[in-house]
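The numbers in full-length UniProt numbering rise by one with no breaks, and the one at position 329 of the sequence shown is 329.
Report on one structure; see the data block that follows.
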Amino acid sequence: MDLNKLRNEIDEIDKKIVELIERRYEIAIDIAKYKEKNNIPIYNEIREKEVINKNLKYIENKEFMNEVKKTFINIMELSKDIQKRVIKIKKNLNVKEAKKIGFQGSEGSFSHEALLKYFKNYEEIKKYPSFEEVFKAINKRDIEYGIVPIDNSSTGEITDTYDLIRKYGLYIVGEIAIKIEQNLLGISGAKLENIKEIYSHPQGFQQSREFLDEHKDIKLVSFPNTALSAQYIKEQNDKSKGAIASIRAKEEYGLEIIVPSINSNKNNYTRFVIVGENFEKSIENNKISIIVSTPHKTGGLYKFIKKFADNNLNMLSIKSRPIQDRPWEYFFYIDFEGNLEDENVKDTLEYFKKESGYFKFLGNYKKDDNIL
Ligand SMILES: C=C(O[C@@H]1C=C(C(=O)O)C=C[C@H]1O)C(=O)O
């Protein structure tokens with residue numbers, strides 16, 4: 001046997017392997033960029049199993065099964081390391097300062113109020129007709145951040161927002177809760193006994209149910225948002241028309257308060273999230289949001305929740321949303337306390353990435369201390 005000849009043959013093979021492996025890692029980088037853009041996790045268990053099984057079928061000499069399997073496990077481990085290196089993380093951006101920020105509605109809406117309270121510095125505020133338009137504007141980079149309502153303390157979650165965050169693959173970079181107070185507004189000189197029509201968003205009517213029940217003779221007219229209804233009655237300049245809206249809307253459109261604080265629940269808060277294109281890292285961040293889907297098996301959700309307890313992490317909320325094309329299966333939106341640098345957080349996230357059918361990291365941001 002000629003050792004040199006054999007080594008030469010190995011050298012030839014290695015050369016081809018290097019070429020192919022190099023190409024394989026380059027493709028992994030392209031995949032990483034796609035994943036970053038579409039907010040897809042790096043690790044894909046199903047695909048890795050497929051890769052291994054497919055390649056094991058090509059082996060002619062079954063004696064090498066185990067070694068080939070290990071080789072692929074290693075290649076894919078390193079491919080994921082490369083992908084992680086490529087996905088960059090923006091550091092310490094102060095979201096309270098931004099150039100362009102967007103919200104749904106018009107001046108005087110609660111979203112507008114939340115925006116002004118959260119952002120200390122900005123160049124331009126842009127208004128959009130729907131929540132989805134806000135998300136689209138971030139994706140198109142018309143705005144850096146959008147602010148959208150996500151939960152109301154009396155009426156529950158704003159499901160559209162939950163679905164849109166997932167659909168558009170954006171990150172939550174902050175949150176703020178504001179007290180929602182509804183008032184009956186009118187033009188100067190308007191009196192309750194003369195009001196024949198009240199304009200507002202259906203939420204405004206719903207939140208003022210008790211007050212409206214006492215005035216059943218007044219006609220209710222729905223509007224796309226409370227601020228627009230305030231603007232409308234100002235333009236109409238008619239003392240028989242009222243609007244249910246915020247104090248800020250009153251100021252914005254130069255109206256008067258006919259009856260203050262008519263919302264039935266006096267402790268009514270809405271939580272807004274600030275959404276952006278990039279995940280932002282800071283040691284100040286203390287709240288994490290993720291989306292997972294559990295395996296459709298006994299104890300699936302239990303195991304997930306147990307992981308938080310085992311890692312001594314405080315789970316703040318868990319909400320479910322139906323998965324559109326899989327009847328009776330759900331996405332779970334989970335908020336918990338922690339920072340991405342914490343070891344127990346890292347361990348928990350790794351576990352979720354591995355164990356859940358679907359995993360999406362939504363952001364690590366600073367919790368609004370007004371929310372318990
Ligand atoms: C390259 C990918 O990312 C990861 C690495 C894989 C690989 O190197 O083949 C396979 C699945 C993922 O865990 C991919 O998703 O295809």
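For each residue, glycine too, the CB sits at the ideal point set by N, CA and C.
Note down, in chain order, each residue of its chain lying with its Cβ closer than 6 Å to the Cβ of residue i, except the 5 sequence neighbours on either side.
i, result
"I150", "I158, T161, R271, V273"
"V292", "F332, F352, S356, F359"
"Y145", "A98, I101, I274, G276"
"I288", "F336, G338, N364"
"N121", "E97"
"S222", "P202"
"I125", "I101"
"D213", "none"
Mind checking residue i: buried by the 16 CB within 10 Å criterion, or exposed?
i, result
"V275", "buried"
"T348", "buried"
"Y365", "buried"
"E175", "buried"
"A309", "exposed"
"D335", "buried"
"K189", "Note that residue 189 corresponds to Gly in the displayed sequence, not to Lys. Result: exposed."
"S130", "exposed"
"R248", "buried"
"S246", "buried"
"T226", "buried"
"Y128", "buried"
"K5", "exposed"
"S317", "exposed"
"N152", "buried"
"N92", "With a pLDDT of 34 at N92, under the threshold of 50, the modelled position of this residue cannot be trusted; read the value that follows with caution. With fewer than 16 other Cβ atoms within 10 Å, it is exposed."
"I262", "buried"
"F64", "exposed"
"G299", "exposed"
"L3", "exposed"
"I290", "buried"
"I180", "buried"
"I147", "buried"
"I244", "buried"
For residue i, write down the residues that DSSP places opposite it in a beta bridge.
i, result
"N267", "N267 pairs with nothing; no bridge assigned."
"I178", "T270"
"R321", "F331"
"Q104", "Y128"
"L185", "A243, I257"
"F336", "I288, M315"
"L301", "L301 is not bridged to any residue."
"Y171", "G276"
"A98", "Y122"
"Y365", "K287"
"N344", "In the DSSP output, where bridge partners are listed per residue, N344 has none listed."
"F359", "V292"
"E197", "K219, K241"
"D151", "E157, R271"
"G146", "G102, V275"
Skipping 5 residues on each side, what residues in its chain have a beta carbon closer than 7 Å to that of residue i?
i, result
"Y253", "G108, A230, Q231, K234"
"M76", "E48, V51"
"I323", "S293, E329, Y330, F331"
"R321", "T159, Y162, D163, Y330, F331, Y333"
"E45", "K354"
"I257", "N183, L185, K250"
"S240", "N194, I195, K196, E197"
"I143", "K100, I101, G102, K126, A137"
"D81", "none"
Leaving out the 5 sequence neighbours to the left and right, which residues in its chain are closer than 8 Å to residue i when beta-carbon positions are compared?
i, result
"S79", "R24, Y25, A28"
"T155", "Q203, Q206, Q207"
"I178", "F110, E113, A114, K117, Y269, T270, F272"
"T71", "none"
"V259", "N183, L184, L192, F211"
"E19", "none"
"I31", "Q83"
"P295", "E355, S356, G357"
Residue i and residue j look like a contact to me (Cβ under 8 Å); what is the Cβ gap, rounded to whole Å?
i, j, result
"L362", "I87", "Going by Cβ atoms, the distance from L362 to I87 rounds to 16 Å, so no, they are not a contact pair."
"I138", "L184", "Not quite, the Cβ-Cβ distance comes to about 35 Å (not below 8 Å), so this is no contact."
"N344", "L301", "Their Cβ separation, rounded to whole angstroms, is 20 Å, which puts N344 and L301 out of contact at 8 Å."
"I218", "I187", "Incorrect: roughly 16 Å between the Cβ atoms, too far for contact."
"K37", "L56", "In fact, because the Cβ distance is near 32 Å, the residues do not count as touching under 8 Å."
"V173", "E280", "5 Å"
"I42", "K35", "6 Å"
If you measure from the beta carbon of residue i to each beta carbon in chain C, is any gap under 7 Å?
i, result
"G242", "Among the protein chains of the structure shown there is no chain C, as only one such chain exists."
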